[in-house]
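Peer 1:
Protein chains: 2
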Amino acid sequence: MHPAQLPAFLQAAGIRPTRQRAALAAILFDGAPKHMTAEQVHAAARTRRSKVSLATVYNALHQFTEAGLLREVLIDSARVYFDTNTDAHHHFFDEASGDLHDIPAAAVKLARLPKPLKGRKVARVDVIIRLC
Amino acid sequence: MHPAQLPAFLQAAGIRPTRQRAALAAILFDGAPKHMTAEQVHAAARTRRSKVSLATVYNALHQFTEAGLLREVLIDSARVYFDTNTDAHHHFFDEASGDLHDIPAAAVKLARLPKPLKGRKVARVDVIIRLC
DNA sequence: GTGATTGCAAATCTTTTGCACTAAA
DNA sequence: TTTAGTGCAAAAGATTTGCAATCAC
Chain C
860 MHPAQLPAFL QAAGIRPTRQ RAALAAILFD GAPKHMTAEQ VHAAARTRRS
910 KVSLATVYNA LHQFTEAGLL REVLIDSARV YFDTNTDAHH HFFDEASGDL
960 HDIPAAAVKL ARLPKPLKGR KVARVDVIIR LC
Chain R
860 MHPAQLPAFL QAAGIRPTRQ RAALAAILFD GAPKHMTAEQ VHAAARTRRS
910 KVSLATVYNA LHQFTEAGLL REVLIDSARV YFDTNTDAHH HFFDEASGDL
960 HDIPAAAVKL ARLPKPLKGR KVARVDVIIR LC
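For the protein sequence lines, the chains are C and R, in the order given. Heads up, the first sequence is in my numbering, so the first residue is 860 and it goes up one at a time. Heads up, the second sequence is in my numbering, so the first residue is 860 and it goes up one at a time.
In structure tokens:
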């Protein structure tokens, strides 16, 4: 996305477009899908000489997630990945390299999913294929 | 499993059956499938008046996992669950209560799984159905 | 005995929080 | 203005580590 569009993009998501949030959005929503940790986003901001504190990175990532702009992916106990692809899809995780790759939802077919317990709705289904 | 069988059980898995490991195995492998965190195992040991340090709990859980007696399940970024069910199966995670429930592998049908990248083998497939 | 295991406390790492300061509307 | 957002440093949790003491074989 063009940097100039970011403030409007954030505003449309109900997020006040501050300088820091626009800088982080520019890193995350440049068009290429990404899976980044908070630390990686922070490092990327530093590389671009965007002054944003780590606490603000965490705040922003959670706000973006809550607004549906990002999605958390839990692969590794050590850290949370934030995925810019919020469509239903799944993941390959390469244990050797630590790389995460998207699998389009259509590539996986879930048949005979059991019914959730009474009163509960399925929020999301995650499929993680671990490779070694 | 009967407590008296635990030493042999551990030994069969290539693990030296120390007092602490037998005490932890008694908590974990009592027959009922469980999903426990290190802290929960530690608390259970304390309740039974088995003196085991938290560091030893972590050591033992990882050794049991490496030996194939347990399986790690990542659901929540805050902690790792150790599952006594090492057969292929999946999980319901109730976000409201934090409860984790097993789904037998047969209840989920994965069709059209994409081929892993060249040279890589599928180590394991995790399906997590998050309920709200 | 001898090497593996344990306990403890300190260290590490990720993430959160409290609060004074600053910026957006 | 007035409220939301930010930065910093400290706190919180989970997990790991270093090392001397202890245990299994």
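Note that beta-carbon positions come from the ideal geometry of N, C-alpha and C, so glycine has one too.
Using 10 angstroms around the beta-carbon of L976 (chain C), count the other beta-carbons present and answer buried if the total reaches 16, otherwise exposed.
Peer 2: With fewer than 16 Cβ atoms within 10 Å of its Cβ, L976 (chain C) is classed as exposed.
Peer 1: Please check if any C-beta of chain C sits within less than 8 Å of the C-beta of A926 (chain R).
Peer 2: Taking Cβ atoms only, chain C never reaches closer than 8 Å to A926 (chain R), which makes this a no.
Peer 1: Of the residues C:S909, C:L883 and C:T896, which one's Cα is nearest the Cα of A937 (chain C)?
Peer 2: When each option's Cα is compared against that of A937 (chain C), the closest is C:T896.
Peer 1: Can you tell which of C:K974, C:F941 and C:V900 has the C-alpha that lies nearest to the C-alpha of L913 (chain C)?
Peer 2: When each option's Cα is compared against that of L913 (chain C), the closest is C:V900.
Peer 1: Which whole-angstrom value describes the C-beta separation of I934 (chain C) and L959 (chain C), a residue pair presumed to lie in contact below a C-beta threshold of 8 Å?
Peer 2: Right, the Cβ-Cβ distance comes to about 6 Å (below 8 Å), so this counts as a contact.
Peer 1: Taking H861 (chain R) as part of the alpha helix (DSSP H), name the residues at either end of that continuous run.
Peer 2: H861 (chain R) -> no alpha helix (DSSP H), and no H or E assigned at all.
Peer 1: Using three-state DSSP, classify R880 (chain R) as helix, strand or coil.
Peer 2: Here R880 (chain R) sits in helix by DSSP.
Peer 1: Hey, quick one: how far does the alpha helix (DSSP H) through L928 (chain C) stretch, first residue to last?
Peer 2: Taken as a continuous stretch (DSSP letters only), L928 (chain C) belongs to no alpha helix (DSSP H), as it is neither H nor E.
Peer 1: If you follow the beta strand (DSSP E) that F868 (chain C) is part of, which residue opens it and which one closes it?
Peer 2: Counting along the chain, F868 (chain C) falls outside any beta strand (DSSP E), though it belongs to the alpha helix (DSSP H) covering L865 to A871.
Peer 1: What residues of chain R sit near V916 (chain C), judged by a beta carbon separation below 9 Å?
Peer 2: Chain R residues near V916 (chain C): none, gap ~15 Å exceeds 9 Å.
Peer 1: Using a Cβ-Cβ cut-off of 8 Å, state whether P892 (chain C) counts as contacting chain R.
Peer 2: Judged by the 8 Å Cβ criterion, P892 (chain C) is not in contact with chain R.
Peer 1: Quick one: using the 10 Å Cβ neighbour count with 16 as the cut-off for buried, is H950 (chain R) buried or exposed?
Peer 2: Buried: at least 16 other Cβ atoms inside 10 Å.
Peer 1: Let me make sure I understand the geometry here. Which of R:E898, R:D985 and R:N944 has the alpha-carbon closest to that of T924 (chain R)?
Peer 2: When only C-alpha atoms are compared, the closest one is R:N944.
Peer 1: In chain R, what lies closer than 7 Å to V980 (chain C) by C-beta?
Peer 2: Residue identity check: residue 980 (chain C) is Lys in the sequence provided, not Val. Those are L990 and C991, listed as they occur along chain R.
Peer 1: Would you say the region 966-984 of chain R touches the region 963-974 of chain C, given that touching needs at least three Cβ pairs under 8 Å?
Peer 2: As far as the Cβ criterion goes, the region 966-984 of chain R touches the region 963-974 of chain C, which means the pair count is three or higher.
Peer 1: Is it the case that the Cβ atoms of L865 (chain C) and A885 (chain C) are separated by a distance below 8 Å?
Peer 2: Taking 8 Å as the Cβ cut-off, L865 (chain C) and A885 (chain C) qualify as a contacting pair.
Peer 1: Can you tell me whether DSSP reads A982 (chain R) as helix, strand or coil?
Peer 2: A982 (chain R) falls in the strand class under three-state DSSP.
Peer 1: Could you please give the first and the last residue of the uninterrupted alpha helix (DSSP H) stretch that includes N904 (chain C)?
Peer 2: Looking at the sequence itself, residue 904 (chain C) is Ala, so the reference to Asn does not match. Where A904 (chain C) is concerned, the enclosing alpha helix (DSSP H) stretches over A897 to T906.
Peer 1: Using a Cβ cut-off of 9 Å, which residues of the region 961-985 of chain C contact any Cβ in chain R, in chain order?
Peer 2: Going along the region 961-985 of chain C in chain order, one finds I962, P963, A965, A966, V967, K968, L969, A970, R971, L972, P973, P975, L976, R979, K980, V981, A982, R983, V984 and D985 with a Cβ nearer than 9 Å to chain R.
Peer 1: Measuring alpha carbon to alpha carbon, tell me which residue in C:P876, C:Y940, C:S956 and C:I962 is nearest D946 (chain C).
Peer 2: Of C:P876, C:Y940, C:S956 and C:I962, the residue nearest in Cα terms is C:I962.
Peer 1: Taking Cβ-Cβ distances shorter than 8 Å, what residues in chain C pair up with E954 (chain R)?
Peer 2: The contacting residues are A982.
Peer 1: At a Cβ threshold of 8 Å, is F941 (chain R) touching chain C?
Peer 2: Chain C contact via Cβ: absent.
Peer 1: Quick one: what's F952 (chain R) bridged to in DSSP?
Peer 2: Paired residues: R:L959 and R:R989.
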